[in-house]
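Protein chains in written order, with our numbering: chain Z, 202 to 640; chain C, 202 to 640.
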């Protein structure tokens, strides 16, 4: 039995330093849990902060600007990639795999888009790639799908998997402020990046659901077919209507497997407050998996941050180290299923998806408006479950009128909205937010 | 690589049949996920229902009344024990381990009390014992603690881990009925057993927290030192006061590790409705683990039932089969830590534990009562955060008066209650329910 396993870490940012901290601080604890020593031998970072060299050197043996020093080190078995991005990180991972190093990464963007190539390279080289840290920060999700729920046919994966977007929506609700103001405050507090596009436009969420769905449903998911809608158009008035409807607006990732197709989508969603998922506030994340045997299960925790994500990265490192120690590499297939990485199911076009909708119309307060709009919805087979008219009359002014629909096909909703937005009495683009039924 | 792994199952009850169903129904799926075949070869049950023999034989190759047929079968690697109880199950497991069979069990009572002997026997014989199904039904908890959260020092494990008790408390709240009436209805619906003692008196919950805490805190926990208080004394009036206080009453298991001691206790607890845990209703379970790196994480799902618990049992079977397939048995230590099974920490006496308390006094509605009681509490250093007096005066009648305390030492609370219950104006035993602060 190997008594020492050496790792090298590339990318000493938030998650990189969190990971290094855990490996050092918990060295003895990890030894008690595994029976062997996990040594962080080398840290590589091209933009290494030389004033922090002493700090970093207290966590490992060597610091370098050149990641090749790790890949070329025959003593190192595990390469931890925490650089992010598509270009350098991809090259690095492929190079490491070819050098027969096991890889641990938290790079969801890379895996969502270039996963197939990377998973294949790992298999071809007889090494493992772990990416628990790529989704849901410290919440165990990948391991749970691959191992703990192995006895299930997973039909549904959904959740809140972007802390920045959830923080903004929670703050809009708590503080009554508009999106742009809350975003600015979040940026100042470090909860949102200078360029927040990936987080607020749902792209990061789409990366993550692509990975989760591919494991849950035993098929690759083509990232470019994931319908993605962000939260930047959410207005305070919608948050207020949601409250009146006893709902919260959350940016949800939803993936469903049916016999004939898979649905994968990311969009703002009205959730009844009675759902556990609606209680997930601030930077916290939560994911629900539904399996045919286990039924509904939910996982909740911090979806980002150096230590929580570092906790996930370390769990991958330990898992690979355990495999190395017993000489049993490749114990669990990369995506949890053996065989070709392929697209086994068609992805359903968002236009064909059926949902309940919240529709907010900006209309002139004049007689006959409700009837005109309801008429167009009816022509397209959309039935209304509830209508909220303004509390007070404001003749000649633009007011908000809200309809809640029964389940309708998205295509019909879009066509109807197109016609409604052409009416003279409609003064602004209609807002449509999907409503999650209780599963 | 082994291409076939054979299992034998002893005890064909609810969980046994759920497990067998999964192994058969998902045989192909499990093959795709693992690359090998898992065969349920033999089912043993001393009370086998001979009219169901054909059904059972559709799930396996042999049915027998004699568990030894499984233990003596050289082809069988994994023995699944789903008999329950302490006597036969213990003998069976020890016999199986000695015969170098891996064991999977969901027998929490047995492990809580005789765990040390069983874990040691597994180690001595170089085989594994899996017990994911012992706690939280289908919710991944044991695997999460042992593997996914391996990079953490766990400081707190708490949750709702008995579906029967939670169902009864939820129904009392929803239906406004008293405990005994709700219990009777639960028994008729099959949610409570004919003898419900283990569930309603917190004993089953104590078994489960003993197991979770031993893994989380890397030490055996002496079951007889777990403070255990059930829900049979909870009255509808307490549920109603909880509602007024924006709380719910839940039967919580709480385990905490501090530097010098461990606290392990089971008791009804008032939880602020804003806590996720308070949203766990009916037969559902939820557990929170707090780690120094990952912070707060929560796991939610069905805590019982043939298929959910079967899902957990199958995950253990698959995990052991994977180990067998790669020749790497003993990859993860039985309790998640290598070394002796011993009692490493003192367990704190419940009398020394500090909690906030809800105290309900049954008092004569007469002047000076509140002052007398408050005076006694004050003498014992217990300060009051809130007092609820009856809305209407009812001179000479017995009414409920509620005090919420700040944190106080349990011993002081008990002494004060003893004195208060001796007052002339106090007409019934004082009810004390602990209040969980938000962590």
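Just so you know, even glycine gets a beta-carbon here, dropped at the ideal spot from N, CA and C.
Close beta carbons around residue i, own chain, < 6 angstroms, minus the five adjacent residues each side
i                      : result
residue 290 of chain Z : 282, 284, 308 and 311
residue 640 of chain C : With a pLDDT of only 44 at residue 640 of chain C, under the threshold of 50, the placement of this residue in the model should not be trusted, and no figure is reported.
residue 202 of chain Z : Confidence in residue 202 of chain Z is poor, its pLDDT being 48 and thus under 50, which makes the residue's placement unreliable; the coordinate value appears in the next sentence. Hits under 6 angstroms: 526.
residue 379 of chain Z : 437
residue 322 of chain C : 295 and 298
residue 314 of chain C : 424
residue 356 of chain C : 458 and 491
residue 502 of chain Z : 339 and 340
residue 300 of chain C : 272
residue 538 of chain Z : 419
residue 257 of chain Z : 244 and 264
Close beta carbons around residue i, own chain, < 7 angstroms, minus the five adjacent residues each side
i                      : result
residue 448 of chain C : 471, 472, 473 and 474
residue 217 of chain C : 210 and 283
residue 630 of chain C : 622
residue 249 of chain Z : 213, 264 and 266
residue 247 of chain Z : 266
residue 205 of chain Z : 237, 238 and 240
Per-residue contacts from residue i into chain Z (C-beta, under 9 angstroms)
i                      : result
residue 350 of chain C : 339, 341, 512 and 516
residue 564 of chain C : Here the premise fails: no neighbours, minimum Cβ distance about 37 angstroms.
residue 527 of chain C : 524, 527, 528, 529, 530, 531 and 532
Residues that residue i contacts on chain Z, provided the C-beta gap is smaller than 7 angstroms
i                      : result
residue 492 of chain C : 512
residue 230 of chain C : 354
residue 520 of chain C : 348
residue 627 of chain C : Those within 7 angstroms of residue 627 of chain C in chain Z number zero; the least Cβ separation is about 39 angstroms.
residue 632 of chain C : Chain Z residues near residue 632 of chain C: none, gap ~29 angstroms exceeds 7 angstroms.
Residue i and residue j closer than 8 angstroms at C-beta
i                      : j                      : result
residue 523 of chain C : residue 235 of chain C : yes
residue 440 of chain Z : residue 374 of chain Z : yes
residue 219 of chain Z : residue 510 of chain Z : yes
residue 397 of chain Z : residue 429 of chain Z : no
residue 468 of chain Z : residue 635 of chain Z : yes
residue 605 of chain C : residue 542 of chain C : no
residue 303 of chain Z : residue 336 of chain Z : no
residue 462 of chain Z : residue 548 of chain Z : yes
residue 585 of chain C : residue 617 of chain C : no
residue 625 of chain C : residue 600 of chain C : no
residue 363 of chain C : residue 324 of chain C : no
residue 495 of chain C : residue 487 of chain C : no
residue 231 of chain Z : residue 260 of chain Z : no
Interface partners of residue i on chain C, CB under 9 angstroms
i                      : result
residue 419 of chain Z : 230, 233 and 234
residue 194 of chain Z : This structure cannot speak to residue 194 of chain Z, because chain Z is shown only from 202 to 640.
Contact set between residue i and chain C, taken where Cβ atoms lie within less than 8 angstroms
i                      : result
residue 280 of chain Z : Within chain C, no residue comes near residue 280 of chain Z; the closest Cβ sits about 18 angstroms away, beyond 8 angstroms.
Neighbour list for residue i in chain C, Cβ cutoff strictly below 7 angstroms
i                      : result
residue 331 of chain Z : In chain order: nothing, as chain C lies at least about 11 angstroms away.
residue 244 of chain Z : Result: empty, since nearest Cβ-Cβ is about 17 angstroms, beyond 7 angstroms.
residue 480 of chain Z : 477 and 480
residue 344 of chain Z : 348 and 349
residue 284 of chain Z : Here the premise fails: no neighbours, minimum Cβ distance about 21 angstroms.
residue 438 of chain Z : The contacting residues do not exist; residue 438 of chain Z stays about 25 angstroms from chain C at best.
Residues of its chain near residue i, where Cβ-Cβ distance is below 8 angstroms and the 5 sequence neighbours each way are ignored
i                      : result
residue 344 of chain Z : 333, 516 and 520
residue 320 of chain C : 330, 535, 536 and 542
Residues sharing a beta bridge with residue i, DSSP
i                      : result
residue 448 of chain C : C:473
residue 265 of chain Z : Z:245
residue 500 of chain Z : Z:488 and C:500
residue 240 of chain Z : Z:207
residue 349 of chain Z : Note: residue 349 of chain Z sits in no beta bridge, so no partner.
residue 412 of chain Z : Its beta-bridge partners do not exist; DSSP assigns none.
Under 8 angstroms from the C-beta of residue i: neighbouring residues of chain Z
i                      : result
residue 305 of chain C : Simply none; closest approach about 12 angstroms.
Check: Using Cβ-Cβ distances below 9 angstroms, what residues of the region 530-547 of chain C are close to chain Z?
Finding: 530, 531, 532, 533, 534, 537, 538, 539 and 540
Checklist line | Residues, ordered as in the chain, of the region 497-509 of chain Z that lie near chain C by beta-carbon distance below 7 angstroms | finding: 497, 498, 499, 500, 501, 502, 503, 508 and 509
Next item on the list: Could you please tell me which residues of the region 205-235 of chain C, in chain order, have their CB closer than 9 angstroms to any CB of chain Z?
Entry: 219, 220, 222, 223, 224, 226, 227, 230, 231, 232, 233, 234 and 235
Check: When you check each C-beta in the region 461-478 of chain C against every C-beta of chain Z, which residues fall closer than 9 angstroms?
Finding: 475, 476 and 477
Notebook entry, point to check: Just by C-beta distance, which residues in the region 591-624 of chain C are closer than 9 angstroms to chain Z?
Noted result: none
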